[in-house]
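Chains as they are written, first to last, in my numbering: chain A, 8 to 370; chain B, 8 to 370.
Heads up, the beta-carbon is just placed ideally off N, CA and C, and yes, glycines get one too.
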């Protein structure tokens with residue numbers, strides 16, 4: 008535990024990134040009496056509009072970073088693609104940054120991520136490193152068709168990925184993702200996608216919410232349902248995997264761990280997100296301490312809060328123009344609406360979400 | 008309903024006042040995708056630190072008010088002592104202001120308030136208008152001793168009030184409250200203090216939370232408990248009284264109605280607060296839609312949300328240095344902590360509050 012922790016109320020927490028995750032982190036920080044300072048390249052970003060202060064600059068702007076270090080007792084981020092040199096610079100300047108550079112490095116590179124899973128003894132889909140189109144045919148033969156070609160870096164919500172079925176599609180597929188270093192992943196024959204939202208404190212304490220069952224459309228999360236329809240054994244296995252990953256990364260904060268459940272009950276880890284996670288938004292209305300407050304508690308060196316839900320819940324994302332339906336949703340007594348204050352409703356863009364409490368939480 | 012309602016997300020809501028109520032209103036507005044603009048005389052006020060923008064100026068500053076009108080689709084306030092000419096100026100400039108000037112005028116003057124109760128056929132404590140110290144002895148004789156001398160205007164949390172027991176204390180008491188126009192109130196022989204937090208929409212729809220039972224110390228709220236230990240009949244009577252007051256004022260927004268329950272079950276209205284109310288803070292953790300979101304929904308012309316609690320609850324205020332106890336509270340898994348980001352912990356100052364869910368909500 009760094010010496011300035013636990014962070015006293017009225018301290019300032021820095022957040023790299025100004026999107027909806029930063030916004031909900033800033034709201035949670037405010038609840039506990041903290042100020043938030045947002046570093047974002049965008050004017051009037053969703054997070055900046057609820058924060059005590061913001062710095063509008065590129066993430067690697069040295070003046071802005073120095074100012075952030077000066078203002079903030081702890082610094083965190085809302086997305087995993089913060090340039091590694093930025094985090095290194097913050098750490099070198101003596102800042103308390105959580106999660107740390109290791110988690111970020113692992114999550115930024117799909118090859119590093121999968122290699123980490125293997126080193127941690129955690130099963131994941133088979134994969135191959137693809138540096139050029141010519142690597143694809145042999146990899147496809149080994150992994151079986153179809154396989155999913157993804158950029159090693161960047162890419163989210165289904166961007167930067169394409170299915171490959173035949174060896175003769177190699178060049179087209181590689182070009183379509185930008186001709187950058189990539190990974191080819193075998194297709195998991197899963198019956199269910201689930202995720203664990205878990206937090207780890209500076210002292211190694213871990214608290215996880217129950218598994219969410221997730222439904223994607225076109226690579227974008229559509230819906231999360233809690234509790235997931237899995238056995239108690241599978242639930243326990245998923246939590247054990249998550250705990251192992253958090254501990255191995257010496258992780259501090261909330262992490263999202265996406266997994267596939269196979270027909271035989273086995274779990275394969277798909278990916279980790281070193282941040283609060285879309286599949287944890289249901290906690291905002293169904294839990295006493297939601298994932299955003301939990302993350303703030305963790306990075307601030309506060310004890311983690313309870314994770315048992317008050318109710319079963321489901322979360323549905325509002326993508327693009329779906330958010331224009333706000334009048335109907337506002338009038339629906341069962342719809343707990345969250346809107347992110349974004350101005351442009353581009354197709355597939357996450358504009359908000361709706362939580363519904365669906366009944367008493369079982370057990 | 009004014010023509011610009013219901014207010015679309017991304018619109019700006021103006022809030023007069025920068026304290027904790029404005030802060031929690033701004034947080035609720037953000038949840039629904041609105042921007043908040045705070046007008047406050049104070050730099051870095053608690054509400055400004057979570058708002059998209061703020062104007063630092065006296066409440067009657069014409070330039071700031073013009074700017075507020077320009078920026079905001081709807082304007083509300085977090086305290087009842089906004090100067091009446093300010094609200095008149097906003098209305099004259101074409102602003103949509105809620106609650107309206109009538110509710111404010113009634114709540115600003117204890118004589119007007121009690122007269123309003125009587126005109127609405129709602130029982131309240133007996134009272135007398137006190138313009139000078141010489142008015143006190145006769146009033147005391149009529150109301151019975153002890154009686155409570157209060158300034159007609161301003162005054163909150165027990166400030167500007169003093170008990171009077173004997174006629175010969177008249178001058179001392181009158182001087183102690185500043186020698187300003189006052190009211191003398193008979194002592195209510197109550198068994199319980201309760202309050203209703205109710206909202207009314209532009210179209211006259213009303214939604215009320217269940218009664219809270221309140222405990223004051225030194226004139227300051229210490230604790231609210233829900234459900235109140237009252238009969239169903241008393242609960243129904245309290246809600247009926249509140250509905251009548253809201254309708255008579257053609258009120259829009261959330262109002263707090265404080266009442267005394269007498270030993271024979273009768274209710275006397277003590278006072279109304281034309282705003283979100285400290286005795287409604289328990290809704291933040293125990294209800295799907297809390298009083299702050301409810302107020303935003305009401306003034307924005309959105310349908311009111313459900314008011315049935317998910318759990319029984321109690322709320323305890325953190326006054327002055329009690330907030331220094333944040334480490335113990337942060338470690339208490341049952342304590343849902345809210346801190347207001349205030350810097351000075353003067354004695355009796357409201358620094359935060361703690362909600363606790365105490366079990367399933369009955370019925």
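Item to check | Pick from 368(A), 300(A), 296(A) that is closest to residue 314(A), judged by C-alpha positions | outcome: Translated into the one-based positions of the first chain, residue 314(A) becomes position 307. Residue 314(A) has its Cα closest to that of 296(A), out of 368(A), 300(A), 296(A).
Checklist entry - Cβ atoms of residue 85(B) and residue 20(B): under 7 Å apart, would you say? => result As a first step, residue 20(B) is located in the second chain; it is residue number 13 there, counting from the start. As a first step, residue 85(B) is located in the second chain; it is residue number 78 there, counting from the start. Contact: no.
Checklist entry - If you run the structure through DSSP and keep just helix, strand and coil, what is residue 87(A)? => result Numbered from its first residue, the first chain carries residue 87(A) at position 80. Residue 87(A) falls in the coil class under three-state DSSP.
Checklist entry - Going by the C-beta, is residue 122(B) closer than 6 Å to any heavy atom of the ligand FMN? => result Among the components of this structure there are no ligands whatsoever, and the ligand FMN is therefore not found.
Item to check | Separation of residue 363(A) from residue 340(A), as counted between CA atoms | outcome: On the first chain, residue 340(A) is found 333 positions in, with the first residue counted as 1. On the first chain, residue 363(A) is found 356 positions in, with the first residue counted as 1. Going from the Cα of residue 340(A) to the Cα of residue 363(A) covers about 10 Å.
Checklist entry - Applying a beta-carbon distance threshold of less than 7 Å, which residues of chain A neighbour residue 334(B)? => result By 1-based counting over the second chain, the position of residue 334(B) is 327. In chain order: 13.
Checklist entry - Any beta-carbon of chain A closer than 7 Å to the one on residue 421(B)? => result Look at the range of chain B in this structure, 8 to 370, and you will see that residue 421(B) is not part of it.
Checklist entry - How is residue 285(A) classed by DSSP in three states: helix, strand or coil? => result Looking up residue 285(A) in the first chain gives position 278. Residue 285(A): helix per DSSP, three-state reduction.
Checklist entry - Using a Cβ-Cβ cut-off of 8 Å (strictly less than) and excluding sequence neighbours within five positions of residue 97(B), which residues of its own chain qualify? => result Position 90 of the second chain holds residue 97(B). Only 72, 75, 76, 82, 104 meet the Cβ criterion.
Checklist entry - Roughly how many angstroms separate the alpha carbons of residue 8(B) and residue 210(B), rounded to a whole number? => result Mapped onto the second chain, residue 8(B) falls at position 1. Mapped onto the second chain, residue 210(B) falls at position 203. The predicted model places residue 8(B) with a pLDDT of 45, which falls under 50 and marks its position as unreliable, so this point remains unresolved.
Checklist entry - Any residues in the stretch 35-49 of chain B with a beta carbon nearer than 8 Å to a beta carbon of chain A? Which ones, in chain order? => result 37, 38, 39, 40, 41, 42
Checklist entry - What residue does the alpha helix (DSSP H) around residue 292(A) start on, and which one ends it? => result By one-based count along the first chain, residue 292(A) stands at place 285. Note, residue 292(A): alpha helix (DSSP H), 290-293.
Next on the checklist: Nearest by alpha-carbon distance to residue 107(B): which of 54(B), 119(B), 87(B) is it?
Outcome noted: Along the second chain, read from residue 1 onward, the residue named residue 107(B) stands at position 100. Residue 87(B) is the option with its Cα nearest to residue 107(B).
Next on the checklist: So the candidates are 274(B), 44(B), 146(B); which of them puts its Cα closest to the Cα of residue 138(B)?
Outcome noted: Sequence index remark: in the second chain, residue 138(B) carries index 131 (1-based). Answer by Cα proximity: 146(B).
Item to check | Short Cβ contact (7 Å threshold) for residue 324(B) with residue 360(B) | outcome: The count along the second chain starts at 1 and reaches residue 324(B) at position 317. The count along the second chain starts at 1 and reaches residue 360(B) at position 353. Going by C-beta atoms, residue 324(B) is nearer than 7 Å to residue 360(B).
Next on the checklist: For residue 227(A), tell me which candidate among 175(A), 204(A), 166(A) has the shortest Cα-Cα distance.
Outcome noted: The sequence position of residue 227(A) within the first chain is 220, counting from 1. Of the candidates 175(A), 204(A), 166(A), the one whose C-alpha sits nearest the C-alpha of residue 227(A) is 166(A).
Checklist entry - Going by Cα to Cα distance, which pick from 63(A), 185(A), 259(A) is closest to residue 111(A)? => result What you label residue 111(A) is simply residue 104 of the first chain in a count that begins at 1. Checking every option, the nearest Cα to that of residue 111(A) belongs to 259(A).
Next on the checklist: I want to verify the contact list: residues of chain B whose CB lies under 7 Å from the CB of residue 346(A), in sequence order.
Outcome noted: Indexing the first chain from 1 puts residue 346(A) at position 339. What residue 346(A) touches in chain B: 16, 39, 40.
Next on the checklist: Short of 6 Å in beta carbon distance, which residues of its chain neighbour residue 180(A), apart from the five on each side in sequence? Order them along the chain.
Outcome noted: Locating residue 180(A) in the first chain gives position 173, where the first residue counts as 1. Only 156, 169, 171 meet the Cβ criterion.
Checklist entry - So, residue 337(B) versus residue 233(B), is the Cβ gap smaller than 7 Å? => result For the purposes of this step, residue 337(B) is taken as residue 330 along the second chain, with counting starting at 1. For the purposes of this step, residue 233(B) is taken as residue 226 along the second chain, with counting starting at 1. Contact flag unset, no.
Checklist entry - Leaving out five residues before and five after residue 121(B) in sequence, what residues of the same chain have Cβ atoms less than 6 Å from its Cβ? => result Within the second chain, the letter at position 114 stands for residue 121(B). Excluding positions up to five away in sequence, the list reads 131, 134.
Item to check | Residue from 223(A), 294(A), 154(A) whose Cα sits closest to the Cα of residue 355(A) | outcome: Along the first chain, one-based indexing puts residue 355(A) at 348. It is 223(A) whose Cα lies nearest to the Cα of residue 355(A).
Item to check | Cβ-Cβ distance between residue 26(B) and residue 45(B) below 7 Å | outcome: To locate residue 26(B), count along the second chain from 1; it is residue 19. To locate residue 45(B), count along the second chain from 1; it is residue 38. Their beta carbons are not under 7 Å apart, which means residue 26(B) does not touch residue 45(B) by this criterion.
Checklist entry - Apart from the five residues on each side of it in sequence, which residues of its chain come closer than 8 Å, Cβ to Cβ, to residue 13(B)? => result The residue labelled residue 13(B) in the question sits at position 6 within the second chain. Once the five neighbours on either side are set aside, the close Cβ partners of residue 13(B) are 307, 308, 309.
Item to check | Where the stretch 301-313 of chain B meets chain A: residues whose CB sits under 8 Å from a CB there | outcome: 304, 309, 310, 312, 313
Item to check | Contact list for residue 160(A) against chain B, beta-carbon separation under 9 Å | outcome: Along the first chain, read from residue 1 onward, the residue named residue 160(A) stands at position 153. Chain B residues near residue 160(A): none, gap ~32 Å exceeds 9 Å.
Checklist entry - If we ignore side chains and look at the alpha-carbon of each, how far apart do residue 289(A) and residue 231(A) end up? => result Counted from its first residue, the first chain places residue 289(A) at position 282. Counted from its first residue, the first chain places residue 231(A) at position 224. Their Cα atoms are separated by approximately 8 Å.
Item to check | Element boundaries [alpha helix (DSSP H), containing residue 302(A)] | outcome: As a position in the first chain, residue 302(A) is number 295, starting the count at 1. Unbroken alpha helix (DSSP H) run through residue 302(A): 298-306.
Item to check | Segments of 4+ residues assigned as alpha helix (DSSP H) that fall wholly inside the stretch 171-242 of chain B | outcome: 177-183
Checklist entry - If you pair each beta-carbon of the stretch 213-223 of chain A with each one of the stretch 54-73 of chain A, do three or more pairs fall below 8 Å? => result no
Next on the checklist: Check whether the stretch 148-155 of chain B and the stretch 176-196 of chain B touch, using three or more Cβ-Cβ pairs below 8 Å as the test.
Outcome noted: yes
Checklist entry - Whose C-alpha, out of 256(A), 187(A), 236(A), is nearest the C-alpha of residue 213(A)? => result As a first step, residue 213(A) is located in the first chain; it is residue number 206 there, counting from the start. Per the Cα distances, 256(A).
Checklist entry - Taking 7 Å as the CB-CB limit, is residue 361(B) close to chain A? => result As a position in the second chain, residue 361(B) is number 354, starting the count at 1. No, residue 361(B) lies away from the interface with chain A (no Cβ there is under 7 Å from its Cβ).
Checklist entry - In whole angstroms, what is the alpha-carbon distance linking residue 114(A) and residue 302(A)? => result Locating residue 114(A) in the first chain gives position 107, counting from the first residue. Locating residue 302(A) in the first chain gives position 295, counting from the first residue. Going by the C-alpha atoms only, they are around 18 Å apart.
Next on the checklist: Less than 7 Å between the C-beta atoms of residue 293(A) and residue 317(A), yes or no?
Outcome noted: Sequence index remark: in the first chain, residue 293(A) carries index 286 (1-based). Sequence index remark: in the first chain, residue 317(A) carries index 310 (1-based). The answer is yes: Cβ separation under 7 Å.
Item to check | Chain-ordered residues of the stretch 52-63 of chain A with a beta carbon less than 7 Å from chain B | outcome: 56, 57, 59
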